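> Before I ask anything, here is the structure I am working with.
Numbering (mature numbering (1 follows the signal peptide of the UniProt record, and there is no 0)), first residue to last: -18 to -1, 1 to 546.
The structure is reproduced here in structure tokens:
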């Protein structure tokens, strides 16, 4: 009996120990993921926390080790601004897809998407971010949803054709940050919205509303100051100065640059040239070349590896002195510009320098010669020209009138004969065309009826037309099979015709070929209807890049695919 009791007590102790270890492992995993939620701008602090957690758990299980690798890969990608290799992210995503919590899966997908994005695979990165967003929304995890919207916003921002989507993504992230009281990320959202206005080009809807960008930058600086984030505060003010400068408001830009320059010099010494160039630009806009000279001297004293800054400084001085009608200083700036310009473009610059010098050296002589010639010749030329012109007009007008009248009589006779002949041929061809057109119309009607019956006869097509929803891989394979069977290998022929079309674009083409509406396609692809229209435009551009591809005038993608 005592032996049995000892066995039971031993088993109970083992269970308690296992539960304790499991709970500790879970707590450490949560602590690891908390590092990823940090808004600290000091990467060394986050790496130190990670090292401390790894040292505290030398006996970590496989799951915890996977989370540790995920956190380290994330911090490394943020710190180095380099894409994490697939050899690192793929095993993490695969493992956490099967065994991870929703929070861990979201972070793995975001890391994978960042790697794809930095390798210029924006389409797959977008799919990864959208999948992470859906997963975080299903888990009702507001922090992860916020991160997903911010990543989507950054991806959309680099695509000039998706700026409206970027504004929407940053707006969603901003509202979530306000609800969570996250001042640091709310500041980042305002700064990102400000960058949309700064990068807008003439003709964009945001270009003339740049004052809204000013408001976003000011709010970003205010929130960063409240959060004690000096780096983002100074960055927001520096970018706001750039926005003012590009919109020709140097008086507002100058105080901001003077406030941030010392911080920028000490924090980012490698970018000192860019800060100096901004100050030079603003002082020249204010027509204060003496003040600009202080920073020009500093820019010219930078290390030789920053010759590109010297080139841009001299280029700006050349334009400034040209506008001020200072040929001597413009020539000096042009000579210096030629010295620092890349070799491939020096020939063009040397021609420009020669033109500037010749223009200003011969300016007085040309003006004097023009005045003398004009005063001497004007009276003679005007009188002779008027007399000769009048005589020629009279002679040639009479001759041309007689010749034109004779030619028109001949042409009228020839055209009468041609009209009679053409009318006879036209009646014959018209009768034949009506007969052929009737046959073709009957054949097209029968073909459309047969295709419509085949594509709507399947259970899947009936279900999708009544209740469209996001499609899985199995459903896509069925749709592809139906389309290829009815339309004679449609997807195979389309891919051979335009190999640049990705799998996502082929799916859009399948849905368009099967006659789904824009709203139905948006539901089936899990995107907004406006995005469907944009995707159609991109597919059409890809097709036009294929050799031999041609759209009829005014022909849409739907019409082209319908006859393909």
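Just so it is clear, CB atoms sit at the ideal spot from N, CA and C, and this is done for glycine as well.
All values reported here derive from a predicted model rather than from experimental measurement.
Leaving out five residues on either side along the sequence, give the residues of the same chain with a beta carbon under 8 Å from the beta carbon of residue 199.
172, 173, 176, 218, 219, 221, 222, 225, listed in sequence order.
> Considering only their Cβ atoms, is the gap separating residue 118 from residue 130 smaller than 7 Å?
Taking 7 Å as the Cβ cut-off, residue 130 and residue 118 qualify as a contacting pair.
> Tell me which residues share the same chain as residue 513 and place their Cβ nearer than 6 Å to its Cβ, disregarding the 5 neighbours each side in the sequence.
Cβ neighbours of residue 513 beyond the five flanking positions: none.
> Around the C-beta of residue 480, are 16 or more other C-beta atoms found within 10 angstroms, so that it is buried, or is it exposed?
Per the 10 Å Cβ criterion, buried.
> Going by the beta-carbon positions, is the gap between residue 491 and residue 446 smaller than 7 Å?
Cβ distance not < 7 Å, so residue 491 and residue 446 don't count as in contact.
> Going by CA-CA distance only, name the one from 510, 46, 181, 92 that's closest to residue 82.
It is 46.
> Taking its Cβ as the centre, do 16 or more other Cβ atoms sit within 10 Å of residue 202, making it buried, or is it exposed?
Buried: at least 16 other Cβ atoms inside 10 Å.
> With a threshold of 8 Å, are at least 3 pairs of Cβ atoms found where one atom belongs to the segment 494 to 509 and the other to the segment 528 to 544?
These segments touch.
> Where do the N-terminal and C-terminal ends of the alpha helix (DSSP H) with residue 73 fall, by residue?
First-last of the alpha helix (DSSP H) with residue 73: 68 to 81.
> Which residues in the same chain have their Cβ closer than 6 Å to the Cβ of residue 236, if we skip the five residues on either side of it in sequence?
Excluding residues within five positions, the ones whose Cβ falls inside 6 Å are 264.
> CB-CB under 8 Å to residue 166, same chain, minus the five flanking residues each way: which ones, in chain order?
So the list reads 21, 205, 206, 209, 211, 214, once near-sequence residues are dropped.
> Taking residue 98 as the reference, give the member of 354, 134, 86, 116 with the closest Cα.
Residue 134 is the option with its Cα nearest to residue 98.
> Taking 7 Å as the limit between beta carbons, can you name the residues of its chain near residue 94, skipping five residues before and five after?
Same-chain partners within the cutoff: 71, 75, 110.
> Thinking just about the alpha-carbon of each residue, which of 314, 502, 400, 420 is nearest to the one in residue 444?
Looking at the Cα atoms, 502 is the closest of the given residues.
> Spatial neighbours of residue 473 within its chain, please: C-beta separation below 8 Å, excluding the five flanking residues on both sides.
Answer for residue 473: 462, 465, 466, 488, 491, 492, listed in chain order.
> Which of the three DSSP states is assigned to residue 99 in this structure?
In the structure shown, residue 99 sits in a helix (DSSP, three-state: H, G or I).
> Quick test of your reading: residue 291 and residue 250, contact by CB under 8 Å. State the CB separation rounded to the nearest angstrom.
In fact, because the Cβ distance is near 14 Å, the residues do not count as touching under 8 Å.
> Whole angstroms is fine: what's the gap from residue 195's alpha carbon to residue 460's?
Rounded to the nearest angstrom, the two C-alpha atoms are 48 Å apart.
> Would residue 531 and residue 539 be called neighbours here (beta carbons separated by less than 7 Å)?
Not closer than 7 Å, so no.
> Please go through the same chain and pick out, in chain order, the residues whose beta-carbon is closer than 6 Å to the beta-carbon of residue 522, but skip the five residues on each side of it.
539.
> Could you tell me the distance, in whole angstroms, from the CA atom of residue 268 to the CA atom of residue 232?
Computed Cα separation, rounded: 6 Å.
> Out of 506, 285, 295, point me to the one whose CA is closest to residue 275's CA.
Of 506, 285, 295, the residue nearest in Cα terms is 295.
> Using only CA atoms, which one of 266, 154, 121 lies nearest to residue 132?
The shortest Cα separation from residue 132 among 266, 154, 121 belongs to 154.
> Within the segment 113 to 168, note down every full alpha helix (DSSP H) run reaching 4 residues or more, in order along the chain.
List check, alpha helix (DSSP H) in window: 124 to 139, 145 to 162.
> On a Cα-Cα basis, can you pick out the residue from 279, 136, 67 that is closest to residue 108?
Minimum Cα distance to residue 108 is reached at 136.
> For residue 209, name the three-state secondary structure that DSSP assigns.
It is coil, neither helix nor strand.
> Kindly indicate the opening and closing residues of the alpha helix (DSSP H) around residue 520.
Start and end: 511 to 526.
> Decide if residue 303 is buried, meaning its Cβ has at least 16 other Cβ atoms within 10 Å, or exposed.
Residue 303 should be labelled buried.
> Tell me where the alpha helix (DSSP H) around residue 462 begins and ends.
That run of the alpha helix (DSSP H) goes 455 to 468.
> Look at the alpha carbon of residue 450 and the alpha carbon of residue 458, and state the distance between them as a whole number of angstroms.
Spanning the two alpha carbons is a distance of roughly 13 Å.
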